[in-house]
Each structure stands twice: as C-alpha cells, then as structure tokens.
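Reviewing the structure listed below.
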Amino acid sequence: MSAEPDDALRGWFGLELSQSQREQFDVLLRLLRDDREAPTSARAAEGAASIHVADSLAALELDVVHDASAIADVGAGAGFPGLALAVALPNSEVRLVESRRRACEFLRRACAAAELENARVVCLRAEEWSAGIAGNDAVVARAVASQPVVLEYAAPLLRLGGALVDWRGRRALAEERAADAAAAELGMRRAEVRRVQPFEGALERHLHVFVKVSTTPARFPRRPGVARKRPLGA
Numbered sequence: 018m019s020a021e022p023d024d025a026l027r028g029w030f031g032l033e034l035s036q037s038q039r040e041q042f043d044v045l046l047r048l049l050r051d052d053r054e055a056p057t058s059a060r061a062a063e064g065a066a067s068i069h070v071a072d073s074l075a076a077l078e079l080d081v082v083h084d085a086s087a088i089a090d091v092g093a094g095a096g097f098p099g100l101a102l103a104v105a106l107p108n109s110e111v112r113l114v115e116s117r118r119r120a121c122e123f124l125r126r127a128c129a130a131a132e133l134e135n136a137r138v139v140c141l142r143a144e145e146w147s148a149g150i151a152g153n154d155a156v157v158a159r160a161v162a163s164q165p166v167v168l169e170y171a172a173p174l175l176r177l178g179g180a181l182v183d184w185r186g187r188r189a190l191a192e193e194r195a196a197d198a199a200a201a202e203l204g205m206r207r208a209e210v211r212r213v214q215p216f217e218g219a220l221e222r223h224l225h226v227f228v229k230v231s232t233t234p235a236r237f238p239r240r241p242g243v244a245r246k247r248p249l250g251a
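Using our numbering, you'd call the opening residue of the sequence shown number 18 and step up by one each time.
Listed below in structure tokens is the structure:
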C-alpha cells in the first residue's frame, strides 16, 4: 500500500517524502480503512489517498499554508486537511479543532498512531476556543459550512496578516458575494481563488484564500451556533 500513495503524491505535488513521512501516511490510510469509528465514507487506501491526502496537500501550492508556523483545521472531522499537513510540514504546529466527541477520539488515535508530535486535538467548537484567538498563521477548512460561516469561525483565530484557506467545489457566485460582505465585517479580504486538480476527476476544485487585513471586531466570535443560524452577509 505504501508505494501507491507515495508515488501518487510525488507525481502530483513534486513531494520528496522521507521514509518517516511515508510511514505516517501509510498509518493514517490504514486507520481510515480499519477504524470503524473513522468519520468518513472514503476508506479504501487508494481512494483515501486521493480524496483525503492529495486533496489536502493541494494547499501546499499556497505560501500562506506552506510557510505557516501555526495552522488550525476548523471542523477537522476525519482530520483532513490537518493530519496531512502535519505530516508534510513537521516544523509547523497543527491544531485539529473539532466539537464531536467521537471524532475527537478518532483524531487522538490518529495522532498517536502516526506519532504526530506537531498535531494536537482541540475538542471544542471554533467559537469556544479562546486559547486560539489571534494565534494562528493559517486556518484551513474543508467541507465545514457555508463560506460566510467559515469566515466567522476563522477570523478571530487568525493573526493579523494570516489567511483562511477554504476548500470548495464548483464556484457559486451568490455565496461568494455573501462571503465578501461577511469578510468585510470581520477584517478579512478575499485574496485569491486558486483552481486545483489534486487527483484525476477533480475538475471543479478551488481553494479560496482570505487574508486578515485588520483586527476582527470584539463582538466576534458570536455565541456557539449563531454563525450558522444568522450568517453574516445574508
């Protein structure tokens, strides 16, 4: 199993993985396959290597991720992109922010099994993680919520000059307009929409990059759940 993911990742991203990194990716793929509590439907090693690992590592094209010292993965779920970035960027600190208890336990098992010393699970809602306020160079989010909601989760957690990278599929201009309006309220600005093709068949995959250009107003984060119930920019 190790050769196939390693060859694919080298071909797509020009990565030269160390033996330790190859082993860590193998461990994560085996865990996705074998752990009944893994919060994902993509379990087979070959599919997970594309759908989870390669899709996550597409963000390494962006300097705001590649050069980040502190990364927070909000709504981490099964741990992607956070786990993959922790393997690829061993000098970066990665925080996996997830509120569901079972998912948190899976993430802890994954970190322990892959011996990821630079990854830690934060079992809280993003709005409740007070220790993370203004403490991250990058926030990443993949399949979490609508873009205005993700922006509200991310903005308070970012340092000034930090960036949110939000994974999206086909572009939806109405949602993007709402997101731009939300960003303006939060001290954020859309910097780029990067089209990527991390694996064959991923034809409509985009990374939306928002940069924190001013201090987030003190009224954020709002109480847990409010961002989804009353999204900004609506």
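Think of the CB as a built atom: it goes at the ideal place given N, C-alpha and C, for glycine as much as any other residue.
query                                                                                                                                                                                   : result
Using only alpha-carbon positions, find the residue among Arg188, Val104 and Val226 that is nearest to Asn135.                                                                          : Val104
Of the residues Arg125, Gly250, Pro241 and Gln164, which one's Cα is nearest the Cα of Val210?                                                                                          : Gln164
Expressed to the nearest angstrom, what Euclidean distance is found between the alpha-carbon atoms of Ala251 and Arg194?                                                                : 9 Å
Between the alpha carbons of Val91 and Ala191, how many angstroms are there, rounded?                                                                                                   : 23 Å
Tell me, which residues are paired with Phe227 by DSSP?                                                                                                                                 : Leu181 and Arg207
Helix or strand or just coil, what does DSSP make of Glu54?                                                                                                                             : coil
With distances taken between CB atoms, is the gap from Arg112 to Val81 smaller than 8 Å?                                                                                                : no
Grab me the residues of Asp197's own chain with a C-beta within less than 8 Å of its C-beta, minus the 5 sequence neighbours each way, in chain order.                                  : Arg207 and Gly250
Could you give the uninterrupted runs of the beta strand (DSSP E) lying entirely in the stretch 53-139, keeping only those of 3 residues or more?                                       : 87-91, 110-114 and 136-139
Can you give the Cα-Cα distance for Arg236 and Ala201, rounded to whole angstroms?                                                                                                      : 14 Å
Alpha carbon to alpha carbon, how far is Arg240 from Glu132?                                                                                                                            : 35 Å
Please work out which residues of its chain come closer than 8 Å, Cβ to Cβ, to Val213, disregarding the five sequence neighbours upstream and downstream, and give them in chain order. : Ala75, Glu78, Ala219, Arg222, His223 and Leu224
According to DSSP, which residues form a beta bridge with Val213?                                                                                                                       : Arg222
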